[in-house]
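Structure record follows, encoded as structure tokens.
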Amino acid sequence: MAMAQSGPSFFETVNLYFDKAAALTDYPQGLLDQIKVCNSVYAIQFPIRRNGGYEVISAWRAQHSHHRVPVKGGIRYASTVDEDEIKALAALMTYKCAIVDVPFGGAKGGVRIDTKKYTVQELEQITRRYTAELIKKNFIGAGIDVPAPDYGTGPREMAWIYDTYSAFYPGAIDAMACVTGKPVTQGGVRGRVEATGRGVFFGLREVCNQVDDMKALGLSRGLEGKRVIVQGLGNVGYHTAKFCQEAGCLIVGLSEREGGIYRAEGLDVDAVVQFQKETKSIVNFPGARNITPTNLTLEADCDILIPAALEGQLTRDNAPKIRARIVAEAANGPTTAEAEKILLDRGVLIVPDIYLNAGGVTVSYFEWIKNLSHVRFGRVGKRFEEASFERMLSAIEKATGRSFPPEERLKIVRGADEIDLVNSGLEETMITAYHQVHELWKFTRAGDLRTAAFLSALRKVAATYLELGIFP
Ligand code: NAD
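Laid out in structure tokens, this is it:
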């Protein structure tokens with residue numbers, strides 16, 4: 078999808094950001110060129126039977142960088158999918174994985190369909206055929222290319238992909254690791270569904286915990302009390318809004334395709350979703366003001382604006398009217414290059430997609446490890462851990478002559494389950510990566526968080542190539 082009719086395309090925009098960071102390095106031009114290009118693109122056309130006839134479906138898989146394998150990236154189902162968009166998203170995956178130290182190259186897939194126009198059986202047929210096409214060209218496999226969910230897809234589609242793959246490779250011991258984001262019953266990991274939203278929350282919390290940065294924006298430290306607007310109530314938007322609300326944010330605005338709603342005193346995210354289920358729309362939610370057309374929600378009053386739908390949402394037209402002090406990019410590529418310049422000039426802090434929405438691929442990495450090791454996180458050590466804590470508490474009680482209340486005892490003694498380990502690994506990843514990026518922002522000539530994030534990624538990818546001795 079082109080980002081703006083007159084401006085650079087999505088992939089060109091990503092490369093503009095890359096070039097800005099590359100200008101701060103002294104790597105050989107050939108190395109920079111190699112990192113920037115999209116290594117392989119597979120364009121696919123296949124027929125499906127529909128409405129008594131045939132329909133040709135267009136799809137893509139792009140592998141941006143093989144500096145580490147497997148390559149990894151989601152599969153998107155949308156009527157706006159095109160090759161440029163898939164290449165851009167694959168490139169973002171390369172940089173994202175590097176920023177959060179997930180040892181994969183970047184990839185992305187897309188199928189040009191409006192999911193709302195197809196039955197579940199047709200979606201299954203399309204997903205299975207798309208997977209078969211990837212298998213034919215060796216574009217999928219635990220050590221080759223590992224898809225995951227993205228816009229318009231979820232655990233259901235990932236289960237179909239896994240099932241199709243295992244039918245082609247009966248007995249392959251690593252088959253489960255050919256795709257992530259699967260349902261837990263099909264080898265998925267607990268916490269993957271909400272991982273991107275949870276990662277956005279962890280990242281945003283860290284951003285807001287930096288006193289000096291908040292002071293410069295005229296905001297107080299911490300997430301509590303911040304007024305937040307979220308665009309898109311899908312997987313990423315819903316979970317982000319929910320975790321932010323739980324942390325004490327006021328969710329003042331929410332928007333979906335059909336329109337937006339605003340309530341200065343805050344909206345209850347689950348109540349809005351329940352209302353949406355019942356009425357098929359968030360518009361007319363009791364107590365809230367409607368905003369139409371939906372994109373005007375982006376311009377409403379708030380401290381933090383979280384685009385969590387699609388790319389190209391903040392443009393040169395609406396950027397001057399954005400009232401948020403922080404734009405937190407939960408979606409991929411929501412800010413055009415022109416909008417970015419306007420927002421930065423206005424002193425808005427943009428927390429870039431390649432850092433902020435990396436929680437999904439981080440937990441996908443955990444799922445891949447789980448699938449390859451064939452053991453649930455926590456299974457081996459949990460009881461041993463609990464017994465050790467028990468022994469320690471008993472020793473303390475014996476030494477002090479005081480005993481812990483049963484409730485407190487239970488809390489201290491409890492060993493980690495899979496979900497605890499996944500969430501703690503995600504939290505650690507998002508915090509560590511933010512400080513690496515933050516340091517580059519503050520102590521280089523990066524100038525803004527996005528350039529710092531690209532610089533962080535570029536250095537790590539370049540180091541891999543240099544270690545391989547390809548570029549002496
Ligand atoms: P999703 O399909 O679950 O949800 C997207 C939502 O946005 C839908 O509810 C849709 O109706 C809504 N939407 C579409 N156009 C809109 C508009 N103009 N205004 C308001 N709402 C609109 O998709 P998702 O998985 O939540 O992905 C959202 C974004 O996050 C995408 O950019 C995706 O690439 C990115 N992302 C997703 C993941 C993941 O794990 N799913 C990981 C990283 C990044």
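If you count the sequence shown from 1, position 331 lands on 408 in the working numbering, and the numbers rise without skipping.
For each residue, glycine too, the CB sits at the ideal point set by N, CA and C.
Everything numeric in this text was worked out from a predicted model, so none of it was measured.
Between the Cα of residue i and those of the options, spot the shortest distance and give me the residue it belongs to.
i: Thr413; options: Gly389, Arg400 and Ala401; result: Gly389
i: Tyr242; options: Lys214, Val277 and Gly311; result: Lys214
i: Gly492; options: Gly299, Phe461 and Gly107; result: Phe461
i: Val197; options: Ile212, Val179, Thr230 and Glu415; result: Thr230
i: Gly268; options: Val329, Gly107 and Glu444; result: Glu444
i: Tyr228; options: Asp251, Val158 and Glu406; result: Val158
i: Ile383; options: Val425, Phe481 and Arg298; result: Val425
i: Gly264; options: Ala529, Leu449, Glu210 and Ser471; result: Leu449
i: Ala408; options: Cys285, Gly186 and Gly274; result: Gly274
i: Glu376; options: Ala184, Val305, Thr439 and Ser117; result: Val305
i: Gly186; options: Tyr207, Asp289 and Asp290; result: Tyr207
i: Val114; options: Ser135, Ala139, Gly343 and Val277; result: Ala139
i: Val223; options: Met253, Thr392, Lys519 and Gly336; result: Met253
i: Ile190; options: Arg366, Ser156 and Phe454; result: Ser156
i: Gln308; options: Pro260, Pro247 and Ala386; result: Ala386
i: Pro124; options: Tyr239, Ser135 and Val118; result: Ser135
i: Phe454; options: Gly502, Pro411, Gly220 and Ala510; result: Gly502
i: Ile446; options: Thr369, Pro147 and Thr262; result: Pro147
i: Glu89; options: Thr102, Ile163 and Val329; result: Ile163
i: Pro370; options: Glu335, Pro247, Glu355 and Ala348; result: Glu335
i: Val452; options: Ala476, Pro483, Asp494 and Ala464; result: Asp494
i: Glu485; options: Cys255, Phe466, Tyr511 and Tyr239; result: Phe466
i: Arg423; options: His144, Ala293, Val284 and Ala167; result: Ala293
i: Thr262; options: Glu199, Pro232, Arg282 and Asp290; result: Pro232
i: Asn116; options: His143, Val188 and Trp137; result: His143
i: Val313; options: Leu391, Glu406, Arg393 and Asn367; result: Glu406
i: Ala521; options: Phe87, Ser86 and Lys97; result: It should be pointed out that residue 521 corresponds to Thr in this sequence rather than to Ala. When only C-alpha atoms are compared, the closest one is Lys97.
Assuming residue i contacts residue j under a Cβ cut-off of 8 Å, what Cβ separation, rounded to an integer in Å, is found between them?
i: Ala99; j: Leu535; result: 6 Å
i: Gln322; j: Val346; result: 5 Å
i: Ile419; j: Ala396; result: 4 Å
If we count the other Cβ atoms within 10 Å of its Cβ and call it buried at 16 or more, is residue i buried or exposed?
i: Asn128; result: exposed
i: Gly280; result: buried
i: Phe320; result: buried
i: Tyr339; result: buried
i: Asp430; result: buried
i: Glu417; result: buried
i: Gly183; result: buried
i: Tyr432; result: buried
i: Ile496; result: exposed
i: Glu474; result: exposed
i: Val288; result: exposed
i: Glu355; result: exposed
i: Gly220; result: exposed
i: Thr33; result: Outside the displayed span of the chain (78 to 549) sits residue 33, for which this structure offers no information.
Have a look at residue i and residue j and give me their C-alpha separation to the nearest angstrom.
i: Thr204; j: Thr192; result: 11 Å
i: Gly218; j: Ala249; result: 10 Å
i: His141; j: Leu169; result: 9 Å
i: Phe181; j: Tyr542; result: 13 Å
i: Ser554; j: Ile212; result: In the structure as shown, the chain starts at 78 and stops at 549, and residue 554 therefore has no counterpart that could be examined.
i: Thr257; j: Lys537; result: 24 Å
i: Val404; j: Ile427; result: 5 Å
i: Ala120; j: Ala225; result: 18 Å
i: Glu234; j: Gly150; result: 14 Å
i: Glu271; j: Leu498; result: 14 Å
i: Ala324; j: Glu160; result: 39 Å
i: Ser441; j: Leu93; result: 28 Å
i: Tyr104; j: Leu421; result: 27 Å
i: Val179; j: Ser480; result: 44 Å
i: Ala530; j: Ile176; result: 7 Å
i: Asn372; j: Val360; result: 13 Å
i: Asp378; j: Ala401; result: 7 Å
i: Leu109; j: Glu505; result: 30 Å
i: Met507; j: Glu516; result: 14 Å
i: Ala341; j: Leu331; result: 12 Å
i: Ile112; j: Gly84; result: 23 Å
i: Pro260; j: Glu132; result: 30 Å
i: Thr439; j: Gly130; result: 42 Å
i: Trp237; j: Ser358; result: 29 Å
i: Tyr122; j: Arg153; result: Note that residue 122 is Gln in the sequence shown here, rather than Tyr. Using only the alpha carbons, I get a separation of about 16 Å.
i: His316; j: Gly436; result: 12 Å
i: Lys303; j: Leu391; result: 21 Å
i: Gly524; j: Glu283; result: 19 Å
i: Pro482; j: Val490; result: 12 Å
Using only the heavy atoms of the ligand ADP, determine whether one of them is closer than 7 Å to the beta carbon of residue i.
i: Leu387; result: Ligands present in the displayed structure are limited to the ligand NAD, and the ligand ADP is not among them.
Determine, using beta carbons only, whether residue i comes closer than 8 Å to chain D.
i: Gly478; result: Among the chains in the structure shown there is no chain D, since it carries only a single protein chain.
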